[in-house]
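Numbering (the numbering used here), first residue to last: 467 to 910.
Ideal placement from N, C-alpha and C gives every residue a C-beta, glycine not left out.
Listed below in structure tokens is the structure:
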């Protein structure tokens, strides 16, 4: 049996500090409760506090410290009914009232209803959810967030949102992000980082060492990070975008497609073909245009991006051009990419007509599968009519072999309507810049 992994010293020290802080806060909170209610003994007071603040809850020591601090400043907090109090006192008053102790439960500052979940704190006191609706904005959340603006106890900035409580008081989000208490040694690289996940042995992993879990995609069978987990299983990002991602009507072209830009008050939904990026001043030509790309940190329009983006030497034409894809023969520019796909030839090794995107040891152009590189160049055929239906014929919904998606310019687009590959014959339907197989038959 393998011995358990030893707990890191930094984790042991941190857990010890947390336990010490919790015990001190519990002792002080129980002392304040017994001082406010002399008829209540220490054991009953501790039991009531533990019900109001469950020990497993995250930040239990902080809630206990808030309770003790408030009761130290307001000795009549459990008998006055004042709702200017932390939420933990509301829960404690409810627990003590249910146990029959003489306490006064705070109520809503507007309607007076007694509830243990008066979450909104206003200058006049805590409010229930009904009375918390604001006539200015129509929702209590905005006004409640504004009421939480205060001075940070660590950096001293005024009117900032507070994120956590520390020994010196409540601190803002900026100070919370740099708080030394959040940093510990990463269990993988050993660097002092903020952990994003904990392993079974209790050690944390930083964001650089943590890897998202992988799953086997139920659609393609590949092992990758899941974009969707449902009752059927995991779906990778590629299959999710192709098959499961919801489609909507584009507000510009009217086609049912993936939406790249969601609708706003002044603009409709836009698909990936219609959306050209947000309008901004191009950092190169200084003109206000749709800028989807960036160069050297600044927005760049499509014209300047194509003109200035760096390129590599094409493995086919040997020119330095922007690279469209990388095949076994090497990087390929857009011109050569289109030329290879438009001119499939018979592979000298396997005898199948296909784009020759690789070279063998002798330098002869061969197909990708002959060198272990598999890629599907065929478009999705929307309808097949197999007449007669024979062995090896495609069925509706499948992709026909050797029917390639051609480039933006298709040779003989006006007269390509029928063709044949070996013993198979087929006919085409054209949609935009793609050819779709509409019928397929195989000679008996």
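Query, Result
"Where does residue 753 land, buried or exposed, given buried means 16+ other C-beta within 10 angstroms?", "exposed"
"From the DSSP output, in three-state form, read off residue 619 for me.", "coil"
"Going straight from the alpha carbon of residue 519 to that of residue 556, what length do you get?", "11 Å"
"Give the secondary structure of residue 567 by DSSP, where H, G and I count as helix, E and B as strand, and everything else as coil.", "coil"
"So who's on the other strand from residue 793, going by DSSP bridges?", "796"
"Would residue 543 pass as a contact of residue 488 if the rule is Cβ separation under 8 Å?", "no"
"With which residues is residue 580 paired in a DSSP beta bridge?", "573"
"Are the beta-carbon atoms of residue 440 and residue 744 separated by less than 8 Å?", "Given a span of 467 to 910 for the chain in the structure shown, any question on residue 440 remains unanswerable."
"Compare the beta carbon distance of residue 617 and residue 562 with 8 Å and say whether it is the shorter of the two.", "no"
"Verify whether the separation of the beta carbon atoms of residue 571 and residue 584 is less than 8 Å.", "no"
"Excluding the 5 residues preceding and the 5 following residue 791 in the sequence, name in chain order all residues of the same chain whose CB lies nearer than 7 Å to its CB.", "798 and 803"
"Could you give the uninterrupted runs of the alpha helix (DSSP H) lying entirely in the region 479-543, keeping only those of 4 residues or more?", "508-518 and 526-539"
"Is residue 549 closer than 8 Å to residue 575 when the C-beta atoms are compared?", "yes"
"From the DSSP output, which residues share a beta bridge with residue 632?", "635"
"Let's test the definition: count the other Cβ atoms within 10 Å of the Cβ of residue 501 and tell me whether it reaches 16, buried, or not, exposed.", "exposed"
"Please decide whether residue 738 counts as near chain C, where near means a Cβ-Cβ distance under 8 Å.", "Within the model displayed, chain C is absent; a lone protein chain is all it includes."
"According to DSSP, is residue 561 helix, strand or coil?", "helix"
"Does DSSP put residue 912 in a helix, in a strand, or in coil?", "Residue 912 lies beyond the range of the chain shown here (467 to 910); nothing can be said about it."
"Spell out the partners DSSP gives residue 453 in its beta bridges.", "Since the first residue of the chain shown is 467 and the last is 910, residue 453 is not available in this structure."
"Should the region 808-815 be called in touch with the region 763-772, which here means at least 3 C-beta pairs below 8 Å?", "no"
"Please report the Cβ distance between residue 795 and residue 781, rounded to the nearest whole angstrom; I am assuming they are in contact, meaning their Cβ atoms lie under 8 Å.", "5 Å"
"Go ahead and pull the three-state DSSP assignment for residue 659.", "strand"
"Could you check if residue 712 is buried or exposed, using at least 16 other CB atoms within 10 Å of its CB as the buried criterion?", "exposed"
"According to DSSP, which residues form a beta bridge with residue 654?", "Paired residue(s): none; residue 654 is not in a bridge."
"What residues in its chain sit with their C-beta under 6 Å from that of residue 635, if we drop five residues either side in the sequence?", "619"
"For residue 683, which beta-bridge partners are listed by DSSP?", "700"
"Is the beta carbon of residue 749 less than 8 Å from the beta carbon of residue 764?", "yes"
"Suppose you measure from the CA of residue 850 to the CA of residue 761; what does that come to, to the nearest Å?", "At residue 850 the pLDDT is 30, less than 50, meaning the model places this residue with poor confidence and gives no usable figure here."
"How long is the line joining the alpha carbons of residue 536 and residue 730, rounded to whole angstroms?", "46 Å"
"Output the boundary residues of the beta strand (DSSP E) element that contains residue 724.", "No beta strand (DSSP E) contains residue 724, which DSSP labels as neither H nor E."
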